[in-house]
Amino acid sequence: MSTTDPLSAFPLAMEGREAVEGATREGRPLTPTERAIAAVEAYTPAEAAERTLRNEMLADSRPGSRQPLIINMGPNHPSTHGVLRVIVELDGEVVREVVPVVGYLHTGIEKQCENKTWWQAITCVTRMDYLAPFANIHSYVLAVEKLLDMQIPARAEWIRVLLSELNRLASHLVFLGTSGLEMGAMSIFFYCYRERDEVLDMFEMVSGERMNHRYFQVGGCAQDIPEGFLERLTKFLKEMPGRIDEYEALLTNNPIWIDRMKGIGIIPAEQLLGLGVTGPTLRAAGIGLDLRKSEPYSGYEHFQFDVPTEIAGDCYARYLVRVREMRESVKIMQQAIDGLPEGPFISDDRKVVLPPREELAYSMEALIHHFKLVTEGFKVPAGEAYATIESPRGEMGCYVVSDGGPKPYRVHMRDPSFVNLQALRPLAKGGYLADLIAVIASLDPVMGGVDR
Amino acid sequence: MALIPPPGAPIRRSPRTDDAIDWDLRDPEALEASRGILTTTVEKAIAWAQTSAIWPATFGLACCSIEMMHTLSPRLDMGRFGAEYFRGTPRQADLMIVAGRLTQKMAPVVRHIYDQMLEPKWVISMGACASTGGVFNNYAVLQGCDKVIPVDVYVPGCPPRPESLMEGIDILRKKIGANGQVPSSELIAARRAERAEWDAQHASDALKGGPAN
Amino acid sequence: MVQEFEDHGELTVEVRADRILEAARALKNGPSQFTLLSGVTCADFPDEPGRFRLAYHLRSVQTGGRVRLRAWAGGLDPQIDSVTSVWPGADWQEREVFDQFGVRFHGHPDLCRILNPLDWDGHPLRRDYPIGGEEVQFTDAV
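Chains as they are written, first to last, in our numbering: chain A, 1 to 452; chain F, 453 to 665; chain E, 666 to 807.
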């Protein structure tokens with residue numbers, strides 16, 4: 001791997017060769033995805049040139065007859081929301097076939113969780129869908145609490161709702177900012193990130209980290225919300241509706257935005273449901289499925305809020321749904337601040353939850369519990385549980401299998417982006433290449449969740 | 453074509469990490485002679501130009517990329533340092549900020565993008581996952597992006613605060629020679645000693661020829 | 666149907682692997698209309714004869730009910746019918762199960778690795794697959 005000859009470092013067609021080798025090893029022909037990958041990669045630049053020449057010679061000179069052009073919007077692309085690779089077969093500007101290739105961020109989180117205790121697994125799981133870390137841990141913690149049959153104190157539930165909604169707001173801000181950036185509307189990016197900086201500051205107040213928090217614990221929350229948090233949040237929430245009005249003023253009636261997003265990426269709602277799509281994408285197509293209303297968890301039944309739904313089902317409708325969800329989140333948070341109950345912030349089941357620090361000074365039992373919890377971790381009775389929550393992207397589920405030990409036997413996160421991204425093919429087929437970008441932006445996939 | 457070292461193999465960083473392409477460190481003897489400051493106006497001018505407009509290539513992988521985007525936010529405007537212009541194509545970029553966990557599947561892509569960048573180029577490894585594998589030590593994550601590309605500055609954190617990334621860029625700028633200073637000759641000497649020691653240690657290494665083989 | 670039980674408020678239906686397609690169609694077109702497939706997952710129990718226990722999480726949009734459909738797939742050469750004809754959303758989920766566990770799905774339109782590199786050896790989430798990575802000095806943490 002010399003520095004002078006970069007061409008000798010890695011051959012260009014890493015994955016095409018891998019696909020063929022993998023298929024021959026498993027004794028099967030190439031699948032459509034593998035064929036697409038092999039078609040788009042050349043082994044050397046010379047071969048790429050030769051292929052192009054061959055295609056050109058085959059191409060007819062009659063107007064309207066075109067050889068399809070297979071291009072690769074590689075994993076490193078400014079507009080693909082992270083490391084998503086899309087192999088596109090183009091007929092002029094029209095997309096004939098789309099093959100998304102994922103896995104470039106596969107971190108083995110599920111395998112890693114099997115080696116950690118139930119408590120430590122929270123730190124792994126939180127890094128999955130990195131724009132909604134609270135959603136990840138909420139679903140995991142709910143699943144474990146289901147297995148343990150634990151009751152959570154009301155204050156903990158309301159704090160969880162508060163932070164989940166703040167997380168939803170932050171995630172939709174990123175959606176707005178990056179979608180705007182990808183469509184070419186650069187200023188919205190800076191507006192959204194200005195707000196998001198304040199939200200992350202508040203997260204830092206609560207959990208010590210701006211992102212990838214480990215704040216929800218099995219049994220409640222790791223700590224109580226600090227002094228000054230509620231005042232700061234109240235002040236922020238007073239300004240937020242005005243800020244959302246600013247974003248809408250920039251985009252909602254913007255003719256360029258409307259031209260690029262309206263009428264793009266429509267498939268029937270039943271097809272979306274068949275594909276397993278949930279979240280704002282489904283709600284923009286007319287099916288008002290929101291797990292906060294239909295299967296309330298963590299005290300959501302006490303809150304008054306609407307579920308924004310649109311019927312158009314295009315990218316513009318998805319944008320509208322998310323902006324309205326931001327407003328609803330502000331409402332929910334205001335209700336949560338007003339009605340936050342007093343009480344413990346975590347359950348007092350000492351077999352699962354650390355005792356408070358002061359108790360260690362005078363209670364032997366507390367000391368023993370603390371010791372056991374810190375060294376060995378708590379044991380969860382054998383069984384399986386599936387808990388779902390409504391993350392900013394859709395239904396986030398956590399399937400937990402326990403064998404009665406201190407470590408999870410199997411943790412599977414049903415990530416909404418993974419399932420939603422399957423809809424990319426039907427949504428983008430037949431549209432233009434520029435619309436493919438709009439569709440990806442409106443689906444709002446987070447590759448950390450897709451690849452886990 | 454996995455990049456996992458076989459069990460029992462010595463853990464090896466890319467030899468290019470030591471062989472880095474800092475153009476001002478390329479000829480340490482000549483620079484030592486000049487006792488650690490850029491003497492010529494041309495060198496100073498070049499260093500000033502390079503450090504004032506380091507254009508990063510978009511290489512955000514995971515959570516760290518969000519914090520990288522936050523350095524562009526109005527609060528910590530990276531545009532002040534000329535580094536706001538993220539280039540889509542690596543051919544127009546001089547800096548690659550590897551932001552996020554580098555997986556086995558992505559590693560050849562990183563190398564490819566790095567090779568496409570034109571000299572002089574620098575790499576910042578942002579975050580714990582890019583530097584050493586971070587929280588994840590398993591079959592899927594490369595334990596550090598310096599297994600495939602040489603790194604100039606490591607920024608720790610999970611994710612590092614945007615201010616940390618700014619400091620990393622600042623350190624890189626000093627390294628390149630901002631304000632007419634090169635790193636002192638002691639640093640150069642220490643670097644050469646490190647390289648000699650590493651070479652001596654790995655002289656009888658079975659894994660020759662680069663981490664990809 | 667083999668057995669049906671309820672635990673922690675969740676209904677689980679276990680069927681034989683060769684009847685999975687029938688069961689899927691029955692659940693989707695039956696009175697409760699489980700039209701939303703939440704997820705297809707798998708857990709590896711090396712000591713059990715079936716070894717790979719697949720779980721299909723279904724949800725009914727009309728009634729809001731949830732059910733888990735379980736099936737054991739093979740031991741040495743795990744195979745099962747694909748439910749992509751019933752729920753197209755099972756596509757990538759089954760590919761993930763194939764990638765991580767090695768369970769082959771008959772009738773799947775595009776069964777190849779999705780998360781790991783395409784020529785990866787082995788199926789990482791199986792219990793006998795090592796966690797991998799590098800040994801960390803000075804600590805026995807993983």
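Ideal Cβ positions, reconstructed from N, Cα and C, are used throughout, including at glycine. This one's a predicted model, so the numbers in the text were calculated from it and none came from an experiment.
Checklist entry - Starting from His412(A) and walking both ways along the beta strand (DSSP E), at which residues does that stretch end? => result 410-414
Checklist entry - Using DSSP with H/G/I as helix, E/B as strand and the rest coil, what is Ile601(F)? => result coil
Next on the checklist: Please report the distance separating the alpha-carbon of Leu151(A) from that of Phe190(A).
Outcome noted: Looking at the sequence shown, residue 151(A) is not Leu but Gln. Whole-angstrom Cα-Cα distance: 42 Å.
Item to check | Uninterrupted alpha helix (DSSP H) stretches inside the segment 184-263 of chain A (no shorter than 4 residues) | outcome: 187-207, 229-251, 255-261
Checklist entry - If we cut at 8 Å on Cβ distances, does Glu799(E) have a partner in chain F? => result yes
Checklist entry - Between the segment 692-712 of chain E and chain A, which residues of the former have a C-beta closer than 7 Å to a C-beta of the latter? => result Thr700, Leu701, Leu702, Ser703, Gly704, Thr706, Ala708
Next on the checklist: Which residue wins for smallest C-alpha separation from Asn212(A), given the options Ala170(A), Glu93(A), Glu157(A)?
Outcome noted: Ala170(A)
Next on the checklist: In the DSSP output, what is Trp507(F) paired with across the bridge?
Outcome noted: Beta-bridge pairing links Trp507(F) to no other residue.
Next on the checklist: For a contact defined as C-beta to C-beta under 7 Å, what are the partners of Gln653(F) on chain E?
Outcome noted: Near Gln653(F) there are no residues of chain E at all, since even the closest Cβ is about 15 Å away, more than 7 Å.
Item to check | Endpoints, beta strand (DSSP E) assigned at Ile745(E) | outcome: 744-746
Checklist entry - Taking DSSP as the reference, what is the three-state secondary structure of Asp670(E)? => result Here residue 670(E) is Phe; the residue named in the question, Asp, does not match the sequence. Strand, per DSSP.
Item to check | Cα-Cα separation between His370(A) and Asp793(E), rounded to whole angstroms | outcome: 33 Å
Next on the checklist: Output needed in chain order: residues of the segment 670-684 of chain E with a Cβ under 7 Å from some Cβ in chain A.
Outcome noted: Asp672, His673, Glu675
Checklist entry - Nearest to Pro416(A) by CA position, among Tyr130(A), Glu41(A), Ile122(A), Thr178(A), is which residue? => result Tyr130(A)
Checklist entry - Between the Cα of Leu69(A) and the Cα atoms of Val94(A), His81(A), Pro75(A), which residue gives the shortest distance? => result Val94(A)
Next on the checklist: Nearer than 7 Å: is that true of the beta carbon of Cys221(A) relative to any heavy atom of the ligand MG?
Outcome noted: The model on display carries no ligand, and the ligand MG is accordingly not part of it.
Next on the checklist: Rounded to whole angstroms, what is the Cα-Cα separation between Pro743(E) and Gln668(E)?
Outcome noted: 21 Å
Checklist entry - Gly397(A): which of Phe134(A), Ser179(A), Arg327(A), Thr24(A) sits nearest, CA to CA? => result Phe134(A)
Next on the checklist: Whole angstroms are fine: how far does the CA of Ser442(A) sit from the CA of Tyr319(A)?
Outcome noted: 7 Å
Checklist entry - According to DSSP, is Ala485(F) helix, strand or coil? => result With a pLDDT of only 46 at Ala485(F), under 50, the local geometry of the prediction cannot be trusted, and the value read off the model is given with reservation. Here Ala485(F) sits in helix by DSSP.
Checklist entry - How about Ile779(E): is its C-beta nearer than 8 Å to some C-beta of chain F? => result no
Checklist entry - Fully enclosed by the segment 515-546 of chain F, which alpha helix (DSSP H) runs are 4 residues long or longer? => result 515-523
Next on the checklist: What would DSSP say about His172(A), mapped onto helix, strand or coil?
Outcome noted: helix
Checklist entry - Using a C-beta to C-beta distance shorter than 9 Å, which residues of chain F count as neighbours of Cys124(A)? => result Val587, Phe588
Next on the checklist: Within 8 Å of any Cβ in chain E, is that where the Cβ of Ile267(A) sits?
Outcome noted: no
Checklist entry - Checking contacts by CB at 8 Å: is Met520(F) closer than that to chain A? => result no
Checklist entry - Since Met128(A) contacts Arg452(A) with CB under 8 Å, what's their CB separation in whole angstroms? => result 6 Å
Checklist entry - Who pairs with Gly279(A) in a beta bridge, going by DSSP? => result In the DSSP output, where bridge partners are listed per residue, Gly279(A) has none listed.
Checklist entry - Quick one, which of Leu427(A), Gly449(A), Ile389(A) has its alpha-carbon nearest Tyr140(A)'s? => result Ile389(A)
Checklist entry - Using a Cβ-Cβ distance under 8 Å, would Arg716(E) count as near chain A? => result no
Next on the checklist: DSSP three-state label for Val307(A), please.
Outcome noted: coil
Next on the checklist: Which of the three DSSP states is assigned to Met447(A) in this structure?
Outcome noted: helix
Next on the checklist: Just to make sure I have the definition right: I need the residues of chain A whose C-beta is within less than 9 Å of the C-beta of Pro743(E). Which are they?
Outcome noted: Residues of chain A passing the Cβ test: none, with the nearest at roughly 14 Å.
Item to check | Sub-8 Å separation of Ser577(F) and Tyr606(F) beta-carbons | outcome: yes
Checklist entry - Based on the DSSP output, what are the partners of Met462(A) in its beta bridges? => result There is simply no residue 462(A) to check, as chain A begins at 1 and stops at 452 in what is shown.
Checklist entry - Thinking just about the alpha-carbon of each residue, which of Pro542(F), Ser616(F), Ala559(F) is nearest to the one in Gln595(F)? => result Ala559(F)
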